[in-house]
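Please read the structure below before turning to the comments.
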Amino acid sequence: MQPPLPFETVTVLIAEDDEGHAVLIREHLEEAGLANPILRFRDGQEALDWFQGPGRGERCILLLDINMPRVDGIEVLRRLKADPATRTTPVIMLTTTDDPAEVALCYGAGCNLYLTKPRSFEAFSEALLRLGRFLPVIQVAEP
Numbered sequence: 001m002q003p004p005l006p007f008e009t010v011t012v013l014i015a016e017d018d019e020g021h022a023v024l025i026r027e028h029l030e031e032a033g034l035a036n037p038i039l040r041f042r043d044g045q046e047a048l049d050w051f052q053g054p055g056r057g058e059r060c061i062l063l064l065d066i067n068m069p070r071v072d073g074i075e076v077l078r079r080l081k082a083d084p085a086t087r088t089t090p091v092i093m094l095t096t097t098d099d100p101a102e103v104a105l106c107y108g109a110g111c112n113l114y115l116t117k118p119r120s121f122e123a124f125s126e127a128l129l130r131l132g133r134f135l136p137v138i139q140v141a142e143p
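Counting in UniProt numbering, the sequence shown runs from 1 upward without gaps.
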């Protein structure tokens, strides 16, 4: 068995339709010291297209919003976890939705972590910095 590859080789994916949130997420991950490649998708369909095309077989971690146009985050999660090629991709739900039923639904569908976006800018910024410091300890399997 080979040792795990360093986290720096993992692509961080952001599926977020809100431009302001997407910029804030990227900036705070980078401020936390993340030097990984970061790709952003504006809706769930863009994310699915990437996984079926250029991203097929790439080591990545997905930060996934729920409320997006075309294909919502829960459907993206379901499809990724149903596909043997993407089943082991770590998925972190990063969303404003804090409904307990939706949280349970996401964990049941296979998300690895569910984070609710705080409503205040300061709290959201701090949460993103903490997330950026947390990501490098995640082990990402080879696809």
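The C-beta atom is built at its ideal place from N, Cα and C for all residues, glycine as well.
What ranges does the beta strand (DSSP E) occupy inside the region 2-84, keeping only unbroken runs of at least 3 residues that lie completely in it? 11-15, 38-41 and 60-64
Neighbour-count burial assignment, residue 121, 16 or more Cβ in a 10 Å radius: Working through the sequence shown from its first residue, we reach residue 121 at position 121. So residue 121 counts as exposed.
Quick check: what's the CA-CA separation for residue 22 versus residue 40? Position 22 of the sequence shown, counted from the first residue, corresponds to residue 22. Position 40 of the sequence shown, counted from the first residue, corresponds to residue 40. Their backbone Cα atoms lie some 7 Å apart in a straight line.
Pairing CB atoms from the region 38-53 with CB atoms from the region 61-76, are three or more of them under 8 Å? yes
Using the rule of at least 16 other Cβ atoms within 10 Å of the residue's Cβ for burial, across every protein chain shown, is residue 146 buried or exposed? Since the first and last residues shown for the chain are 1 and 143, residue 146 lies out of range.
Evaluate contact between the region 27-35 and the region 50-57, counting only Cβ atoms and requiring at least three cross-stretch pairs below 8 Å. no
Rounded C-alpha distance that separates residue 36 from residue 86: As a working note, residue 36 is residue 36 in the sequence shown. As a working note, residue 86 is residue 86 in the sequence shown. Roughly 19 Å separates the two Cα atoms.
Can you check whether the CB of residue 62 is closer than 8 Å to the CB of residue 91? Reading the sequence shown from its first residue, position 91 is the one you call residue 91. Reading the sequence shown from its first residue, position 62 is the one you call residue 62. Yes.
CB-CB length for residue 73 against residue 96, believed under 8 Å: In the sequence shown, the residue the question calls residue 73 occupies position 73. In the sequence shown, the residue the question calls residue 96 occupies position 96. At roughly 11 Å, the Cβ-Cβ gap does not stay under 8 Å, so residue 73 and residue 96 are not in contact.
Whole-angstrom C-beta distance between residue 124 and residue 13, which should lie under 8 Å: Taking the sequence shown and counting its residues from 1, the one referred to as residue 13 is at position 13. Taking the sequence shown and counting its residues from 1, the one referred to as residue 124 is at position 124. Not confirmed; about 19 Å, so no contact.
Using a Cβ-Cβ cut-off of 6 Å (strictly less than) and excluding sequence neighbours within five positions of residue 106, which residues of its own chain qualify? The residue labelled residue 106 in the question sits at position 106 within the sequence shown. Once the five neighbours on either side are set aside, the close Cβ partners of residue 106 are 93 and 114.
Between the beta-carbon of residue 136 and the beta-carbon of residue 7, is there less than 8 Å? Against the sequence shown, residue 136 aligns to sequence position 136. Against the sequence shown, residue 7 aligns to sequence position 7. Yes, they are a contact pair.
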